[in-house]
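Colleague: Before we start, here is the structure in question, set down as structure tokens.
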Amino acid sequence: MEREKRTGRRDGRDGERMIKDSLFPISLFGIFLGVLFLMSGIHVGLVVLMNRLNWSELVQTLVPMAYWSVVAGGLTLFTRKKIRNTYEEPLHRLARATEQVAGGDFSVYVPTVHTSARLDYLDVMILDFNKMVEELGSVETLKTDFVSNVSHEMKTPIAVIKNYAELLQTGKGTREEQMEYARGIEEAAVRLSDLISNILRLNKLENQRIDPEIEQYDLCAQLEDCILQYEEMWDEKELDLEVDMEERAPVQADRSLMELVWNNLLSNAVKFTEPGGSVKVRQRTTEEYVEVSVTDTGCGMSSESVRHIFDKFYQGDTSHSGEGNGLGLALVKRVLVLMNGDIHVESRQGEGSTFTVRLPLPGDKEDRPEVTEL
Ligand code: ADP
């Protein structure tokens with residue numbers, strides 16, 4: 001009469017777990033029945049033997065008492081060992097592991113008492129504990145990585161400001177040189193300020209502290225405005241720009257957050273494309289979504305880079321690392337998750353890249369495409 005019960009919880013890797021939940025454990029019943037049969041058999045045998053040997057009544061009373069005391073002692077030791085193995089030792093291990101975690105060691109792993117096919121509630125608790133420690137460990141690593149990335153990104157502009165300020169203080173150099181130092185300080189300050197506002201924005205987006213202001217607006221007009229902002233840069237780099245858009249494309253999204261998306265994609269296309277190259281912006285509306293793609297003939301990316309470009313602070317192409325901080329695409333991804341849209345990338349190293357963004361058509365929530373986990 002052993003039943004297997006689902007925990008009702010989902011384990012990321014194993015799906016639903018089956019717990020052994022027994023009202024009447026047949027195997028234990030079998031062991032007890034066998035032992036009691038054997039012991040009472042021995043008892044009867046002893047009584048018969050003592051009768052045959054004509055032992056005194058006192059001995060015939062004392063021997064079975066001593067015999068059952070030994071049996072009770074054996075059963076007590078057996079039950080004690082079972083309790084120790086099944087509950088006490090695992091709970092001790094769990095207590096020791098908890099102490100280690102409290103002390104900041106997230107490498108602990110507590111083994112389960114039973115195999116995965118015979119889990120009980122204690123095993124499930126241990127599995128959940130291990131998972132919790134794993135999660136805590138990864139959050140801790142992310143936190144440490146984040147702090148070291150931010151410190152690294154801040155170090156360069158701060159060093160630049162310090163050096164130029166020292167040079168200015170000496171009072172040496174021509175007027176032009178001094179102007180150049182001042183410009184250097186300004187640029188480094190702008191870099192620092194961009195970095196900090198990107199971190200704050202990303203933090204707000206990740207903690208859902210930004211309430212998107214969803215409104216219906218014309219995406220084509222927005223794209224045109226964004227593209228125009230880059231006119232000077234296109235000209236400077238002599239890039240060939242091709243735009244293929246509809247007259248109008250209504251979308252329902254947060255206008256200012258979407259501006260951030262287009263600005264990031266367009267500035268990356270300009271940044272990573274060599275002078276004389278070309279950038280193409282294409283927009284179309286299908287039955288399900290509005291799609292915008294930005295294609296460039298720039299340096300492209302390796303498949304390894306493509307896997308990481310949405311990670312915070314990731315910079316694949318280091319030759320332009322001074323012009324960014326690796327947070328742009330992380331922000332883009334976050335915004336699109338909030339907008340119920342998605343983004344995907346196709347890229348070939350040395351040939352160029354295409355970033356394609358899809359936004360749901362305006363309408364009821366049910367009509368929109370599923371949120372794609374990015
Ligand atoms: P960054 O501020 O460094 O540009 P992003 O998050 O915008 O940070 O981009 C992350 C990385 O993705 C870049 O460092 C670069 O390696 C890669 N990347 C992004 N856009 C392009 C592109 N159009 N062409 C080639 N590589 C790109």
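Take the sequence shown: its position 244, counting from 1, is numbered 244 in my numbering, and each next residue is one higher. We put the CB at the ideal spot given by N, CA and C, even for glycine.
#1: With a threshold of 7 Å, establish whether the CB of L327 neighbours any heavy atom of ligand 1.
#2: Shorter than 8 Å from the beta carbon of D317 to some beta carbon of chain B?
#3: Taking A72 as the reference, which of G30, T98, L46, L36 has the closest Cα?
#4: Restricting to Cα atoms, I'd like to know which of R307, S303, G326, V306 is closest to Y314.
#5: State yes or no: is the C-beta of Q283 within less than 8 Å of the C-beta of M258?
#6: Between the alpha carbons of E89 and A95, how many angstroms are there, rounded?
#7: Kindly indicate which residue of D123, L119, A117, R118 has the alpha-carbon position closest to the one of Y109.
#8: By Cβ distance below 7 Å, which residues in the same chain neighbour H152 in space, the five residues on each side in sequence not counted?
#9: Cβ of A269 versus every heavy atom of ligand 1: is any distance shorter than 7 Å?
#10: Under a three-way DSSP split, which group does A249 fall into?
#11: For L359, which option in L127, I210, G300, E287 has the closest C-alpha, if you only look at C-alpha atoms?
#12: Would you check if the distance between the CB atom of A269 and the CB atom of G298 is smaller than 8 Å?
#13: For I343, is the beta carbon positioned less than 7 Å from some heavy atom of ligand 1?
#14: Which of the three DSSP states is assigned to G103 in this structure?
#15: So which of T115, L202, S267 has the shortest CA-CA distance to L239?
#16: Return the Cβ separation of R351 and G300 in integer angstroms, given the expectation that the two are a contact with Cβ distance under 8 Å.
#17: Quick check on this structure: which residue in K312, L127, D120 has the alpha carbon closest to the alpha carbon of P111?
#18: So, at 8 Å on beta carbons, what are the nonlocal neighbours of L202 in its own chain, with the 5 sequence-adjacent residues on each side left out?
#19: Less than 8 Å between the C-beta atoms of Y217 and R248, yes or no?
#20: Starting from F310, trace the alpha helix (DSSP H) both ways and give me its first and last residue.
#21: Could you check whether the Cβ of N264 sits closer than 7 Å to any heavy atom belonging to ligand 1?
#22: Which same chain residues, not among the five before or five after M39, have their C-beta less than 7 Å away from its C-beta?
#23: Please list the terminal residues of the continuous beta strand (DSSP E) segment that includes H344.
#24: Pick out whichever of S347, F355, Q349, R348 has its Cα sitting closest to the Cα of L336.
#25: Using a Cβ distance threshold of 8 Å, determine whether the region 153-166 contacts the region 176-191, with at least three qualifying pairs required.
#26: How is R358 classed by DSSP in three states: helix, strand or coil?
#27: Identify every residue that forms a DSSP beta bridge with R282.
#28: Compare the C-alpha of T98 against each of V113, T79, K131, T86 and name the closest.
#29: With the cut-off set at 8 Å, would you say E323 and K271 are in Cβ contact?
#30: Span of the beta strand (DSSP E) holding E323?
Modeller: On the basis of the coordinates in this document:
#1: For ligand 1, at least one heavy atom lies less than 7 Å from the Cβ of L327.
#2: Reference to chain B is not applicable here, since this structure consists of a single protein chain.
#3: Nearest option by C-alpha distance: L36.
#4: Distances from the CA of Y314 to each of R307, S303, G326, V306 were compared; the closest alpha carbon is that of G326.
#5: With contacts defined by Cβ atoms closer than 8 Å, Q283 and M258 do not form a contacting pair.
#6: Within the model, the alpha-carbon separation for E89 versus A95 is close to 10 Å.
#7: Selected option, being the one with the closest Cα: D123.
#8: Take H152, set aside five residues on each side of it, and no residue of its chain has a beta-carbon closer than 7 Å to its own.
#9: A distance criterion of 7 Å places the beta-carbon of A269 in contact range of ligand 1, judged by its closest non-hydrogen atom.
#10: Secondary structure at A249: coil, using DSSP grouped into helix, strand and coil.
#11: Ranking L127, I210, G300, E287 by Cα distance to L359 puts E287 first.
#12: With contacts defined by Cβ atoms closer than 8 Å, A269 and G298 form a contacting pair.
#13: Within the chosen limit of 7 Å, ligand 1 does not reach the beta carbon of I343 with any heavy atom.
#14: The answer is coil: DSSP assigns G103 none of H, G, I, E or B.
#15: By alpha-carbon distance to L239, the top candidate from T115, L202, S267 is S267.
#16: The sequence as given places Glu at residue 351; Arg does not occur at that position. That belief holds up - the Cβ atoms of E351 and G300 are roughly 5 Å apart, short of 8 Å.
#17: Among K312, L127, D120, the Cα nearest to that of P111 is on L127.
#18: Cβ neighbours of L202 beyond the five flanking positions: K312, L327, A330, L331, R334.
#19: At least 8 Å separates the beta-carbon of Y217 from that of R248.
#20: First-last for F310: undefined, no H or E at that position.
#21: Indeed, a heavy atom of ligand 1 lies less than 7 Å from the Cβ.
#22: Hits under 7 Å: V71.
#23: Where H344 is concerned, the enclosing beta strand (DSSP E) stretches over 342-348.
#24: Taking only the C-alpha atoms, the option nearest L336 is F355.
#25: Output reads yes: the region 176-191 touches the region 153-166.
#26: Three-state DSSP puts R358 in a strand.
#27: Looking at the DSSP assignment, R282 forms a beta bridge with D244, S293.
#28: Among V113, T79, K131, T86, the Cα nearest to that of T98 is on K131.
#29: In terms of Cβ geometry, E323 and K271 form a close pair [threshold 8 Å].
#30: It is not in any beta strand (DSSP E) - E323 carries neither H nor E in the DSSP assignment.
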